[in-house]
Amino acid sequence: MTLEQLLADTKPALLEIQQRDLTDIKQAKDWQSKYRVLMQLGKKLPAIPEKMKQPELLVKGCESRAWLLHYHDKTADRHYFVLDSEARIVKGLMAIMLCLVNGMTTAELCKFDLCHSFDQLNLKPYLSQSRGNGLTAMAERIKACCPAK
Amino acid sequence: MTGFDVQQFRQHFAFFQQQPDWVYLDNAATMHKPDAVIDAVSAFYQRHNSNVHRGAHRLSQQATAQFEQARATVAGYINARNNHEVIFTSGATAALNQIAFGLMHTVLQPGDRILLTQLEHHANIVPWQLHCQRYGIIIDVVPLTAEHQLDMVAYQQLLQLKPKVVSFSHISNVLGHIQPVAEMVRQAKAAGAITVIDGAQGIVYQPADMQQLDCDFYVFSGHKLYGPTGIGVLYGKSQWLETLTPIFAGGEMIDSVSFINTTFNKLPFRLEAGTPNIAGAIGLSAAIDWLQNYNIAQIIEHKLLLLKAFYSGLSAIKGIDILSLPVHNAGIVALNVDGQHPADVAELLNQQHIAVRAGQHCAMPLFSYLAQHNSAQHGAVRCSFAAYNTLDEVNRCLLALEQAVEILTA
Ligand SMILES: Cc1ncc(COP(=O)(O)O)c(C=O)c1O
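Chains as they are written, first to last, in the working numbering: chain A, 1 to 149; chain B, 150 to 559.
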């Protein structure tokens, strides 16, 4: 598995999540249905092979670990990501995060406000407990991919 | 029937009226506080607030008397020989740091050995490690048996290496197993070691009797015994407390100070630098006073009942891997859902208002051991029960777990 392959596999998965699953989550009639969808999201993203999970890619939550790969297409100024997590619910939430930022330009990424976007998806409660599950740490890592001016 | 009225007991906790939707099973992390504790703390601030051991005025003398009465209450509760054997700290962690730091050089010399166990909380590992590395002291570790109990044969063998200090927990914060501490102390003393017991989980299960147990040090945190956070106890025999080098220095703990030489105050003050947590100590003693209204044996029986119901309910849920043994268990159950990350399980319980903890519970060495045997490579979900929990709550937790398993394995 190479980074190119992972990026290529992530893209359609995110597209599907954005076009189908996000609506399902928004319209879920109870928390159970919402979580069933969330847990499917993580499965749609390709897993990062163990060999590629270098320590510098590790994003530590209190209870579970996650990994983030970043690729900046400098010619087009687009940022692409691949992520993985040990925990399925967290991976689902991170997948949503990724939908929102994947393919952004540097300027868009720097402006991106996760809190606001999650609020619009009725997912904000998950951020408040995110110190434990590592969502905030992941959001910070994604933002840190903005090159310093 | 256990003769213990849990509904009556529960009524002393405002928390449960404020949060009726929640089932709180994270008691090993911290316990709720009865009104008696909250009232004692606010009464102190409202009516008696003054610094201790220093004011020329009567208010300070009254605060001092209350603070010293709190010390006497704690000393009485653990049957210490003297009140000055109770040192107030900020918690079990601070107490263990004081012991580890305080024994270096005075007792522990380069090349000496100390003995810990595989199931210790990080608070009973890292302070030792930090200082042992600097002073060239060797740490040995008592392994566990296949049943996750301390290997007492190995313990005896390791004692033959003549460790100067043996430090172990009374009750494992992950598995809930009650260690055979009396026997461990006896053997350690026969081998000539100083004994340290981490009673953070032990003290709430059963008041420990210092004269009977005869250990050299015993530590615990107030917040796991119905008391406030930020207050803890370092019990030590006078002789050893005198030997400890103070980890903190400053006001209160000195006898005379000059830039040539400073001499230290007597016990307990030499180990209590600075203004202590006065309200915390008063709150802790209020917790102990309040607890004395109840029969500990009945509380233990009530918790056993909860534990039995929980275990029997768990056996009916498919795919649950239980790490804790039901015997000699103080009311803590570590478990996993086969093939599922504990964080996922805990999050699904959280959605159903069941408060548990997931992860490695500040005991990574224990989990690196458990991971060879079980589903525990990512840690475990921990349900920890307290006297105020009810059978109804046990059932709610079981139903929630079933729901979680269903969602996770769909
Ligand atoms: C066995 C054990 N030792 C030590 C501690 C540390 O206690 P504290 O964080 O209150 O200092 C804990 C708390 O979780 C514990 O369970």
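Yeah, the Cβ is synthetic: ideal placement off N, Cα and C, and Gly gets one too.
With contacts defined as CB atoms closer than 8 Å, residue 342/B and residue 315/B qualify as a contacting pair.
For residue 347/B, the secondary structure class from DSSP, reduced to helix, strand or coil, is strand. Residue 168/B is outside the set of residues whose beta carbon lies under 8 Å from a beta carbon in chain A.
By the criterion of a C-beta distance shorter than 6 Å, residue 483/B is surrounded in its chain by 323, 324, 472, 473, 529 and 531, once the five residues flanking it on both sides are discounted. Against chain B, the beta carbon of residue 87/A has neighbours under 7 Å at 490, 492 and 493, listed in chain order. Its Cα nearest to that of residue 411/B, the residue 398/B stands out among 510/B, 423/B, 179/B and 398/B. Cβ-Cβ distances below 8 Å link residue 460/B to 471, 475 and 482 in the same chain, with the five nearest sequence neighbours on each side left out; the list follows chain order. By the Cβ criterion, the stretch 205-220 of chain B is not in contact with the stretch 357-366 of chain B, since fewer than three pairs of Cβ atoms, one from each stretch, lie closer than 8 Å.
Closest in C-alpha terms to residue 495/B, from the list 63/A, 43/A, 57/A and 36/A, comes 63/A. In the three-state DSSP reduction, residue 381/B falls in the strand class (E or B). Between ligand 1 and the CB of residue 270/B, the shortest heavy atom gap is smaller than 7 Å.
Here the C-alpha atom of residue 515/B lies approximately 29 Å from the C-alpha atom of residue 227/B. When C-beta distances to chain A are compared with 9 Å, the residues of the stretch 494-505 of chain B below that value are 495, 496, 497, 499, 500 and 501, in chain order. At least one CB of chain A lies nearer than 8 Å to the CB of residue 556/B. Within a 10 Å sphere around the beta-carbon of residue 5/A sit fewer than 16 other beta-carbons, which makes this residue exposed. Under the 10 Å beta carbon count, residue 34/A is surrounded by 16 or more other beta carbons and is classified as buried. For residue 533/B, the number of other beta carbons within 10 angstroms of its own is at least 16, and it is reported as buried.
The beta carbon of residue 141/A does not come within 8 Å of any beta carbon belonging to chain B, so the residue lies off that interface. Under DSSP, residue 468/B shares a beta bridge with no residue. CA-CA distance, residue 83/A to residue 69/A, rounds to 6 Å.
For residue 242/B, the shortest separation between its Cβ and any heavy atom of ligand 1 lies below 7 Å. Counting of Cβ neighbours within 10 angstroms places residue 246/B among the buried residues, the total reaching 16 or more. Here residue 402/B carries a coil assignment [DSSP, helix/strand/coil]. Taking non-hydrogen atoms of ligand 1 into account, the C-beta of residue 110/A is found less than 7 Å away from none of them. Under the three-state reduction of DSSP output, residue 286/B falls in the coil class, being neither helix nor strand. Per DSSP, the continuous alpha helix (DSSP H) segment holding residue 545/B begins and ends at 540-558.
Residue 527/B reaches chain A at 63, 64, 65, 86 and 87, counting residues in chain order whose Cβ is nearer than 9 Å. At a threshold of 7 Å, residue 538/B does not count as near ligand 1, since its beta carbon sits no closer than that to any of the ligand's heavy atoms. Residue-level contact check: residue 507/B touches chain A, since one or more beta carbons of chain A fall below 8 Å from its beta carbon. For the alpha helix (DSSP H) assignment, the uninterrupted runs of no fewer than 4 residues enclosed by the stretch 45-102 of chain A are, from N- to C-terminal side, 88-101. Between residue 430/B and residue 401/B, the beta carbon gap of about 14 Å keeps them out of contact (Cβ cut-off 8 Å). DSSP links residue 180/B through a beta bridge to no other residue. Within the stretch 186-237 of chain B, the runs of alpha helix (DSSP H) at least 4 residues long that lie entirely inside it are, in chain order, 207-226. Chain B has no Cβ within less than 8 Å of the Cβ of residue 27/A. At least one C-beta of chain B is nearer than 8 Å to the C-beta of residue 35/A.
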